[in-house]
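Residue numbers (my numbering), protein chains in the order written: chain A, 20 to 209; chain B, 20 to 209. Here's the structure, in structure tokens; my notes come after.
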DNA sequence: GTCTATAACTTGATAGAC
DNA sequence: GTCTATCAAGTTATAGAC
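Listed below in structure tokens is the structure:
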């Protein structure tokens with residue numbers, strides 16, 4: 020299937036938002052990047068600049084929320100759940116690094132109504148993630164570190180993947196996963 | 020010593036850059052925040068908006084480069100050096116969370132000449148940090164993980180501190196340090 | 001050192017021809 | 001669906017009075 024022009028526009032926008040940041044990215048520059056189109060014509064494919072940001076932010080939020088739902092539903096130990104969550108972050112980051120980077124870095128430019136919705140979803144995700152860590156601690160599987168410190172250390176630890184990891188590099192997805200398990204889980208486990 | 024107006028302006032700017040991002044922060048809003056001053060009058064205290072960003076980015080870069088220089092000069096094991104580096108990041112983050120957040124997130128809006136200089140300094144820092152990890156691996160003190168994965172996991176792990184850590188909270192600096200050592204070093208050590 | 005006024009420019013978005 | 005033309009609003013920064 021060939022990409023529709025709308026898809027091309029949205030993908031180019033995500034790249035531009037990643038490279039320059041949402042606020043520094045102009046519709047004229049987006050048009051240049053899509054090629055052979057004027058900025059005004061972009062409005063046949065999108066309603067506004069913010070609509071593109073909204074789609075990126077909420078599509079990724081949904082990916083993470085669906086993912087953590089599956090992890091919660093699985094009948095496994097806290098350690099296995101934590102591994103599955105790290106795998107989820109790696110998978111989403113490698114599946115579409117551009118999109119997830121914009122999601123990570125540009126959500127604050129959502130307008131107020133959407134920003135509130137987004138922050139509520141993020142808070143929900145973080146609390147469910149933290150609950151898994153807390154269960155592990157109370158069961159004695161994890162060390163008695165502060166759950167917030169463990170949570171944010173793990174959450175931010177996977178945010179560099181897009182910037183550094185390229186499959187072409189001589190490091191495999193398996194090595195990436197196992198090194199991250201070593202670094203992030205071995206410190207936590209009893 | 021009372022703060023000079025210049026200091027007040029630069030501090031308010033850093034706060035504004037942190038909250039809204041450099042590109043979304045306007046000189047008019049900065050003036051409102053400083054209070055009882057018009058945007059045009061700010062130019063008696065700064066040469067340009069970018070001058071403020073430059074000062075923030077290069078002051079922090081210098082803090083990290085001086086810090087890693089001291090760590091390198093110390094005659095200690097890779098594990099102790101790594102602990103000292105984590106302590107360095109925590110100290111800088113807690114000492115001035117606003118400034119270090121702008122340094123972390125807004126450097127890309129430096130104009131070309133300064134951007135190149137900044138990126139060279141960052142690359143220097145990362146390579147010296149990585150060299151310490153590599154020494155630990157080759158000496159057998161650390162596990163044979165990929166040095167880049169370890170480097171970026173550690174570097175990004177301390178970036179949430181500003182957003183979450185408040186000394187008023189019922190968690191001490193000592194607990195923060197020891198939990199981060201547990202999480203970040205225990206996974207790496209043999 | 002602060003003000004008002006404004007220059008010079010860029011921004012997101014729309015109207016209407018084709 | 002794309003174009004040209006344009007609007008209205010916002011931007012950084014400067015000039016010159018006080």
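No residue lacks a Cβ here, since even glycine has one placed at the ideal position from N, Cα and C.
Count the other CB atoms within 10 Å of the CB of residue i; is the residue buried (16 or more) or exposed (fewer)?
i                      : result
residue 66 of chain B  : exposed
residue 192 of chain B : exposed
residue 176 of chain B : buried
residue 118 of chain A : buried
residue 20 of chain B  : exposed
residue 159 of chain B : exposed
residue 101 of chain B : buried
residue 182 of chain A : exposed
residue 173 of chain B : buried
residue 203 of chain A : buried
residue 80 of chain A  : buried
residue 9 of chain A   : Since the first residue shown for chain A is 20 and the last is 209, residue 9 of chain A is missing from the structure and cannot be characterised.
residue 23 of chain B  : exposed
residue 104 of chain B : buried
residue 112 of chain B : buried
residue 47 of chain B  : exposed
residue 31 of chain A  : buried
residue 61 of chain A  : buried
residue 129 of chain B : buried
residue 55 of chain B  : exposed
Identify every residue that forms a DSSP beta bridge with residue i.
i                      : result
residue 208 of chain A : A:161
Looking at the unbroken alpha helix (DSSP H) that takes in residue i, where does it start and where does it end?
i                     : result
residue 31 of chain B : 24 to 39
residue 53 of chain B : 46 to 53
Among the options, which one has its Cα closest to the Cα of residue i?
i                      : options                    : result
residue 196 of chain B : B:207, B:180, B:148, B:209 : B:180
residue 25 of chain A  : A:32, A:50, A:64           : A:64
residue 43 of chain A  : A:174, A:173, A:157, A:68  : A:68
residue 126 of chain A : A:76, A:91, A:61, A:104    : A:76
residue 53 of chain A  : A:35, A:194, A:142         : A:35
residue 199 of chain A : B:198, B:200, B:199, B:207 : B:207
residue 152 of chain A : A:97, A:123, A:28, A:135   : A:97
residue 137 of chain B : B:164, B:104, B:93, B:83   : B:83
residue 163 of chain B : B:209, B:104, B:178, B:205 : B:209
residue 184 of chain B : A:129, A:61, A:108, A:170  : A:170
residue 71 of chain A  : A:116, A:142, A:27         : A:27
residue 147 of chain B : B:58, B:166, B:50          : B:166
residue 41 of chain B  : B:51, B:161, B:56, B:73    : B:73
residue 85 of chain A  : A:140, A:178, A:190, A:37  : A:140
residue 150 of chain B : B:121, B:32, B:129, B:90   : B:90
residue 33 of chain A  : A:108, A:103, A:123        : A:123
residue 143 of chain A : A:113, A:87, A:56          : A:87
residue 189 of chain B : A:168, A:55, A:205, A:186  : A:168
residue 133 of chain B : B:194, B:38, B:50, B:78    : B:78
residue 178 of chain A : A:108, A:115, A:145, A:38  : A:108
residue 201 of chain A : A:106, A:135, A:59         : A:106
residue 110 of chain B : B:186, B:156, B:37         : B:186
residue 205 of chain B : B:116, B:99, B:131, B:121  : B:99
Could you tell me whether any non-hydrogen atom of the ligand FAD is closer than 7 angstroms to the CB of residue i?
i                     : result
residue 78 of chain B : Summarising the ligand content, the structure contains no ligands, and the ligand FAD is consequently not present.
Original post:
Taking the runs of the alpha helix (DSSP H) that are 4 residues or longer, which of them lie wholly in the stretch 64 to 118 of chain B?
Top reply: Correct list: 68 to 92, 97 to 114.
Original post:
Which parts of the stretch 163 to 199 of chain A are runs of the alpha helix (DSSP H), unbroken and 4 residues or longer, counting only runs that do not cross its ends?
Top reply: With a minimum length of 4 residues, the continuous alpha helix (DSSP H) runs that stay inside the stretch 163 to 199 of chain A are 166 to 176, 180 to 183.
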